[in-house]
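Q: Here's a structure for you.
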Amino acid sequence: MRLEKKHYNNYLNFDKGFTGECGIDEQTEQLGPNCLVLNDLQLEIRLAPFQIDTLLIGSNKIVLLEIKNFEGVHQWGERKLTKESGLSLENPTLQVLKTQTRLEFLLENLDCQMRVEAYVVFINPEFTLFNAPNDAGYILPSQIPDFFRTIQKQLTKPNAEQHKLANTLVNLHDPDYPCKMPEYSFDQLRKGITCPKCGTLAETFKGHFQICANCGQRMNVKRSIKASIEEFRILFPAEKMITSRMLEWCGSGDKACVYRVLKEEYQAIGKNSGRYYV
Ligand SMILES: [Zn+2]
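Every position in the sequence shown, counted from 1, becomes a number in my numbering once 7 is added.
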């Protein structure tokens, strides 16, 4: 479906943030045994929610990283970073301070007296920031490799206590934390199978293979049907995969092919028109 502008912008932000976090994962994977790495935690303290991009836990300290994928030239301001175009973004320091404070409260609650250091990591190589104070806790793109080399030397190997702490934090993570998803319903969404390369929806299909009308990719029809059914499961986790529903969901095409995918990839439950798959 077409997203409203605010939802579309939100989606672009999420997508950018996700790409940025993936870039940091490559760095943290190389940190080795001297620290525990936790990613993407959704936590809460005193009913105040907070989200942590990356947490590095050694036995001597905890390092909190807020990852930003901002792009372009920015002027630093205490409350806002402003782009040349005039567009302003909230200074991420405000956010990371709040997150650090909430994490410290939570650690207090867990009887953990470890020190927390917090940094904002700007991951995009095309990010420039003017006039920022040196002590702002920013890691700029050119500083990232050295930052991680230094962290690796500073952190000392976690012991049983830190392993326990990491487990506790993972258990406190709330995977169902409501994110601002746009409302959608089955009827509202366009039906079809998607191109694995560019995501364009093909509303009709036939044969074993077909060519994507947008990018020219050769699509394996069965594989695209399976992917489409998987998308249905993500979008409508509470709904049953009833045969007729799945036929409609995949668009207008060779029904027999959808039947075949359902039969081969899923388990049928029930009979006739009431049959559904799990
Ligand atoms: Zn395509």
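Beta carbons are placed, not taken as given, at the ideal position from N, Cα and C, and that holds for glycine.
Every value quoted in this text rests on a predicted model; they were computed, and no experiment measured them.
So, is residue 60 buried or exposed, given that buried needs 16 or more other C-beta atoms within 10 angstroms?
A: By the neighbour-count rule (16 or more Cβ atoms within 10 Å), residue 60 is buried.
Q: Kindly indicate which residue of 102, 141, 163, 80 has the alpha-carbon position closest to the one of residue 133.
A: Nearest of 102, 141, 163, 80 to residue 133, Cα basis: 80.
Q: Just how far apart, CA to CA, sit residue 239 and residue 204?
A: Looking at the two C-alpha atoms, the distance is approximately 19 Å.
Q: Can you tell me whether residue 215 is helix, strand or coil according to DSSP?
A: Residue 215: coil per DSSP, three-state reduction.
Q: So residue 225 is in the beta strand (DSSP E); what residue range does that whole segment cover?
A: Taken as a continuous stretch (DSSP letters only), the beta strand (DSSP E) holding residue 225 covers 225-227.
Q: With residue 272 as the anchor, note down where its alpha helix (DSSP H) starts and where it stops.
A: 262-272 is the span of the alpha helix (DSSP H), which, as asked, contains residue 272.
Q: What I want to know is whether the C-beta of residue 258 ends up closer than 8 Å to one or more non-hydrogen atoms of ligand 1.
A: Because no heavy atom of ligand 1 lies under 8 Å away, the Cβ of residue 258 does not count as near it: no.
Q: What are the uninterrupted segments assigned as alpha helix (DSSP H) that are 4 or more residues long and contained completely in the segment 34-66, given in chain order?
A: Within the segment 34-66, no complete alpha helix (DSSP H) run reaches 4 residues.
Q: By alpha-carbon positions, which one of 31, 271, 277 ends up nearest to residue 148?
A: Comparing Cα positions, the closest option is 31.
Q: Kindly provide the ranges of any beta strand (DSSP E) runs that are 3 or more residues long and lie completely inside the segment 110-137, ordered along the chain.
A: You should have 123-129, 134-137.
Q: According to DSSP, residue 81 sits in a beta bridge with which residue or residues?
A: Residue 81 is bridged to 90, 136.
Q: Taking 6 Å as the limit, name every residue whose beta carbon sits nearer than that to some heavy atom of ligand 1, in sequence order.
A: Qualifying residues, in the order they occur: 202, 204, 205, 207, 219, 221, 222, 224.
Q: Have a look at residue 246 and residue 19 and give me their C-alpha separation to the nearest angstrom.
A: Computed Cα separation, rounded: 28 Å.
Q: Could you tell me how far apart the beta carbons of residue 42 and residue 63 are, in whole angstroms, since I believe they sit closer than 8 Å?
A: Residue 42 to residue 63, Cβ: 5 Å. Contact.
Q: Check for me: the alpha helix (DSSP H) holding residue 177 runs from which residue to which?
A: 167-179 is the span of the alpha helix (DSSP H), which, as asked, contains residue 177.
Q: Starting from residue 255 and walking both ways along the alpha helix (DSSP H), at which residues does that stretch end?
A: 250-256 is the extent of the alpha helix (DSSP H) around residue 255.
Q: Measuring alpha carbon to alpha carbon, tell me which of 223, 244, 272 ends up nearest residue 232.
A: Among 223, 244, 272, the Cα nearest to that of residue 232 is on 272.
Q: Which residues bound the alpha helix (DSSP H) around residue 247?
A: Residue 247 -> no alpha helix (DSSP H), and no H or E assigned at all.
Q: Which first and last residues belong to the beta strand (DSSP E) in which residue 75 is found?
A: Run containing residue 75: 69-75, per the beta strand (DSSP E) assignment.
Q: Using a threshold of 9 Å, state whether the C-beta atoms of residue 107 and residue 125 are closer than that.
A: For residue 107 and residue 125, yes; Cβs fall inside 9 Å.
Q: Is it the case that the segment 218-231 contacts the segment 194-203, given that we only count it when at least three CB pairs across the two stretches are under 8 Å?
A: Taking 8 Å as the limit for Cβ pairs, the verdict is that the segment 218-231 does touch the segment 194-203.
Q: Tell me where the alpha helix (DSSP H) around residue 161 begins and ends.
A: Segment 151-161, the alpha helix (DSSP H) holding residue 161.
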